[in-house]
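Colleague:
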């Protein structure tokens, strides 16, 4: 998960902001 | 009454209706006007576009009925293995109305000359082969949205933990395709099969695109956003 943290966050939070 | 009823078009499959509504808005490449026209400008625009498309694809996947029911780990595995197929299918769909032109975005289409000048000819030629296949099939929007969801659910990632759940998602989408073709195209009983048989070329084209983008990453001359890099690395 650490290596794929942006995908993880987008799936969990659903917010595409602050990428 | 019987005649009027038989002339009424069959009601659209609920899965198809849902997928049509879930279709993302159009994206624009907006090539950097500060860069001189050429391979660097085109590649920069393409990498930036790909990064934004991945965000859109993740949001779109969450709207596919059944996808959010997968575990978070499996949602990640499926997306990591299939995002580029989804992206490539979108490019192929956008390119359908244009003969011999790849429409990467609404404001970024390349013919052969343009693709050669932009250093994108090899990738464009592979994409055009896929476009020709869908053009010959006269792919419809309803079929496109089903096929795109199937490309995602057809993931063969070795990291999937609950394969039965992914298989169920695949079955539901497959069933929707069969039902759609059965009601809309009864005169073409092999049409669903023909559409599914395009998936190997889609995967092959995505592999060519991966090779192209990974080469750019290794070249180190074009800035790439973190999410795009993360998703590329997940495929290597």
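Protein chains in written order, with my numbering: chain A, 26 to 44; chain B, 2 to 237. The C-beta atom is built at its ideal place from N, Cα and C for all residues, glycine as well.
Who are the Cβ neighbours of residue 149/B in its own chain at under 6 Å, not counting the five residues just before and after it?
Modeller: For residue 149/B, where only same-chain residues beyond five positions count, the Cβ hits under 6 Å are 87 and 90.
Colleague: CB residue 141/B to CB residue 14/B, shorter than 8 Å?
Modeller: Cβ distance not < 8 Å, so residue 141/B and residue 14/B don't count as in contact.
Colleague: Roughly how far, in whole angstroms, is the beta-carbon of residue 61/B from the beta-carbon of residue 23/B, given that I think they are within contact range, below 8 Å?
Modeller: Yes, residue 61/B and residue 23/B are in contact; Cβ-Cβ is about 6 Å, under 8 Å.
Colleague: CA-CA distance, residue 138/B and residue 196/B?
Modeller: Those two C-alpha atoms are separated by around 8 Å.
Colleague: How far does the alpha helix (DSSP H) with residue 223/B in it extend, from its first residue to its last?
Modeller: Careful: residue 223/B lies outside any alpha helix (DSSP H) and carries neither H nor E.
Colleague: Flag this pair as touching only if the stretch 93-102 of chain B and the stretch 156-167 of chain B have three or more C-beta atom pairs under 8 Å; answer yes or no.
Modeller: Flag = no, the stretch 93-102 of chain B and the stretch 156-167 of chain B do not touch.
Colleague: Roughly how many angstroms separate the alpha carbons of residue 212/B and residue 218/B, rounded to a whole number?
Modeller: Using only the alpha carbons, I get a separation of about 10 Å.
Colleague: Could you have a look at residue 159/B and say whether DSSP puts it in helix, strand or coil?
Modeller: Coil.
Colleague: Does residue 28/B have its Cβ less than 8 Å from a Cβ in chain A?
Modeller: So no, residue 28/B is outside the interface.
Colleague: Please report the distance separating the alpha-carbon of residue 173/B from that of residue 122/B.
Modeller: Straight-line Cα distance between these residues: approximately 38 Å.
Colleague: Could you tell me which residues DSSP puts in a beta bridge with residue 109/B?
Modeller: For residue 109/B, which the question treats as bridged, DSSP gives the partners 106/B.
Colleague: Ignore the nearest five residues each way along the sequence and tell me which others in residue 72/B's own chain have a CB closer than 7 Å to its CB.
Modeller: Around residue 72/B: 162 and 163.
Colleague: Between residue 87/B and chain A, is any beta-carbon pair separated by less than 8 Å?
Modeller: No, residue 87/B does not count as interfacial toward chain A.
Colleague: Please report the distance separating the alpha-carbon of residue 199/B from that of residue 117/B.
Modeller: Each residue's alpha carbon lies about 26 Å from the other.
Colleague: Ignore the nearest five residues each way along the sequence and tell me which others in residue 152/B's own chain have a CB closer than 7 Å to its CB.
Modeller: So the qualifying residues of the chain are 83, 86, 87, 90, 200 and 203.
Colleague: If we cut at 8 Å on Cβ distances, does residue 218/B have a partner in chain A?
Modeller: Residue 218/B does not count as touching chain A.
Colleague: On the CB-based measure, 16 or more other CB atoms within 10 Å of its CB, does residue 32/B come out buried or exposed?
Modeller: So residue 32/B ends up on the buried side.
Colleague: Under 8 Å, do residue 247/B and residue 167/B count as touching if we go by C-beta distance?
Modeller: It is not possible to answer for residue 247/B, since the shown part of chain B is limited to 2 through 237.
Colleague: Just mark residue 40/A as buried or exposed, buried being the case when its beta carbon has 16 or more other beta carbons within 10 Å.
Modeller: Low per-residue confidence applies at residue 40/A: pLDDT is 46, beneath 50, and the placement is therefore not dependable, though the value from the model is reported in the following sentence. Burial call: exposed.
Colleague: CB-CB under 6 Å to residue 170/B, same chain, minus the five flanking residues each way: which ones, in chain order?
Modeller: The answer, listed in chain order, is 67 and 154.
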